[in-house]
Amino acid sequence: MSLVITNIGELVTNDPAAGDGADPLGVRRDVAVVVEDDRIAWIGAAAEAPLADADEVVDAEGRAVLPGFVDSHSHLVFAGDRSRDFEARMAGESYAAGGIRTTVAATRAASDEQLAAGVRRHVTEMRRQGTTTCEIKSGYGLTVEDEARALRIAGGFTDETTFLGAHVVPPEYAEDPAAYVELVTGPMLEAAAPHARWIDVFCERGAFDEDQARAILAAGAAAGLAGRLHANQLGEGPGVLLAAELGLTAVDHCTYLTDDDVDALREAGTVATLLPGVEFSTRQPYPSGRRLLDAGVTVAIASDCNPGSCYTSSMPFCIALAVREMGMTPAEAVHAATAGGAAALGRSDVGALRPGSRADIVLLDAPSHVHLAYRPGVPLISAVWIGGRIDNVVAPKEKE
C-alpha cells in the first residue's frame, strides 16, 4: 500500500539534516511525502512526487504537515470525576497529592468494561487532536489485582505502559507505608511487570521519599522495567537529582528546579518532561522551558491527562501554554511535543518524519506549525495517519 501526500506547504521533519542547523524542526517547503506500508519511504520536491505509482494521493493544498504528537505522560485508566476538586482550586484551595485517593476508590469499584471504555474515549480524544503515540500509567488501583488489570487494559491501547503502583500510599497502609513499599516491590511488581514497559514513582511530599523511590526503581530494574519519575512538582526535592543519578530516560513535572537540578539533567541526558496543563489546572507556577533549553537539556511536553490535576488530552493546548507561559518558541514547543516526547519514551521510530520512520502524520488546517500556538483552542487537526493508515476518527475534509 503506497500513499503520496503532495503540495505540502510546510513539512516538519524533526530531521536536523533537513533544515539549516538553526531550525530544530528541520522544516522543508513545497514538498511531498511517500509512504510505503507503515513507513516513510521518500521525501522530496512536490514536482518530483511519483504520483502515478501511488495507490492513494492526498493534496495538502499548501497546508502544514507534522509528525504525530507523542504524549509521553498520561493516566487514562480511571473511573469517577473530580470536577469539584477543580472548582475548589479555582476558588482558591491549593493542590495536594491526597486527592488521588478519591479516584482510587472509584477505580477499584469500576468494572473492566467501564475502565476500558474510559480509556477508549480518551485515546479517541487524543487522536482527534493529533496524538499518535501515548504512554498510559496505572496508579489508580493500588492493589495487586487492580494494578495488574489497569496495565492489561492500557496494553489494549498502547505499547507504552507504565506501572505506577507507587502513586500514593493507599488508605489501608496509611499507618505502615513501609509495608506498602514492600507490596509494590514484591507481589504487585510481579503481577504488573508482564504488562508494563516502564516503572514510575511519585517522588514528592505526600507520596514517596527518595529512599522509597530508589528502592522501587531498583526493584523495577531487576524485573526488566525501565525507570521514570514524577518529581519536583510541589516544591524543590530530591527527585530530579535521583533521576539524573540513575540515568533515567525521563523525569516528569520539573516545576521547581535548582541550578544543580538543571546541570544534572544536562549531564545525565535525562529528558525533562514538562506538563503545562497541570500548572493551568492547579494554578501553580509554570516551569521555565527557556531555562532548560538554554542549558542544553532535552525537553518534552506531555498532557498528563488525569481526572485530578490536569484533565486535558490536548497536545495542541499544551503547546500553546508552553509558548505563552514557559518561554518557548512555537518551533521549540512543537519539537518538544513530537521529538521530545519520543526521546522521553526512548523511541527513534516516532516523533519525526524522515525515510524509515513510522508514518504517523498530522495534516493541519493551517499553513504553518506556528498556528498551533497562534490560534489556541481552534480545532486545526485536519487529518491523521497512524502507521500510514488514515485514522477514521479524523478523516480528511471533503472538498466543496
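Using the working numbering, you'd call the opening residue of the sequence shown number 3 and step up by one each time. Quick reminder that beta carbons are idealized off the backbone N, C-alpha and C, glycines included.
Straight-line Cα distance separating residue j from residue i
i: Leu323; j: Thr257; result: 14 Å
i: Thr105; j: Tyr142; result: 6 Å
i: Phe159; j: Ile138; result: 9 Å
i: Arg356; j: His337; result: 14 Å
i: Asn394; j: Ser4; result: 18 Å
i: Met92; j: Leu144; result: 29 Å
i: Leu277; j: Ala54; result: 44 Å
i: Gly239; j: Val380; result: 37 Å
i: Gly94; j: Thr275; result: 27 Å
i: Ala48; j: Gly390; result: 19 Å
i: Asp32; j: Ala228; result: 41 Å
i: Val6; j: Gly46; result: 11 Å
i: Val273; j: Gly342; result: 8 Å
i: Asp263; j: Val186; result: 27 Å
i: Gln286; j: Val59; result: 47 Å
i: Phe210; j: Leu244; result: 13 Å
i: Glu402; j: Ala156; result: In this predicted model, Glu402 has a pLDDT of only 39, less than 50, meaning its place in the structure is not dependable; the value taken from the coordinates is given anyway. Their Cα atoms are separated by approximately 40 Å.
i: Asp83; j: Ala344; result: 30 Å
i: Pro309; j: Thr134; result: 21 Å
Close-in-space but distant-in-sequence residues of the same chain around residue i (CB under 6 Å, 5 per side omitted)
i: Pro189; result: Val146
i: Gly329; result: Ser290, Gly291, Arg292
i: Leu194; result: Contrary to the premise, residue 194 reads as Ala rather than Leu in this sequence. Result list for Ala194: Glu149, Ala150, Leu153, Phe165, in chain order.
i: Ile201; result: Phe165, Gly222, Leu227, Gly229
i: Asp57; result: Met3, Ser4
i: Glu281; result: Tyr288
i: Gly167; result: Glu149, Val186, Met190
Residues near residue i in its chain [Cβ-Cβ closer than 7 Å; skip 5 each side]
i: Ala358; result: Reading off the sequence shown, one finds Gly at residue 358, where the question assumed Ala. Only Arg41, Ile42 meet the Cβ criterion.
i: Pro18; result: Gly28
i: Glu63; result: Asn9
i: Ala112; result: Ala81
Coil, strand or helix - residue i by DSSP
i: Val386; result: strand
i: Pro26; result: coil
i: Glu137; result: strand
i: Ser305; result: coil
i: Val72; result: strand
i: Phe319; result: helix
i: Gly46; result: strand
i: Asp161; result: coil
i: Ala252; result: strand
i: Leu277; result: coil
i: Gly208; result: coil
i: Glu89; result: helix
i: Leu219; result: helix
i: Asp57; result: coil
i: Glu402; result: Confidence at Glu402 is low in this model, with a pLDDT of 39, below 50, so the placement of that residue should be treated as unreliable; the coordinate-derived value is given next. Coil at Glu402, not helix or strand.
i: Gly2; result: With the chain running from 3 to 402 in the structure shown, residue 2 is simply not present.
i: Leu117; result: helix
i: Gly310; result: coil
i: Arg360; result: strand
i: Leu166; result: strand
i: Ala198; result: coil
i: Glu177; result: coil
Identified DSSP bridge partners for residue i
i: Ser4; result: Glu38
i: Phe282; result: According to DSSP, Phe282 bridges with nothing at all.
i: Leu231; result: Val203, Val253
i: Leu365; result: Val67, Ala385
i: Glu12; result: Arg31, Ala66
i: Arg391; result: Ile388
8 Å Cβ shell around residue i - same chain, five flanking residues per side excluded
i: Arg268; result: Ala297, Gly298, Val299
i: Thr260; result: Glu238
i: Leu382; result: Pro318, Leu366, Asp367, Ala368, His373, Leu374
i: Ala198; result: Ser140, Leu153, Thr163, Thr164, Phe165, Leu227
i: Ala66; result: Ile10, Gly11, Glu12, Leu13, Val14, Leu365, Leu366, Ala368, Pro369, Ser370, His371, His373
Proximity test, Cβ basis, 8 Å: residue i and chain B
i: Ser74; result: Checking the listed chains, one finds no chain B in this structure; it contains a single protein chain.
Count Cβ pairs between the region 304-320 and the region 125-138 that sit closer than 8 Å; are there 3 or more? Contact between the region 304-320 and the region 125-138 is present, because at least three Cβ pairs lie under 8 Å.
State whether the region 374-384 contacts the region 340-352, with contact taken as three or more CB pairs (one from each stretch) at a distance under 8 Å. The count of Cβ pairs closer than 8 Å, one atom from the region 374-384 and one from the region 340-352, stays below three, leaving the stretches out of contact.
Pairing CB atoms from the region 218-235 with CB atoms from the region 171-180, are three or more of them under 8 Å? The region 218-235 vs the region 171-180: no contact.
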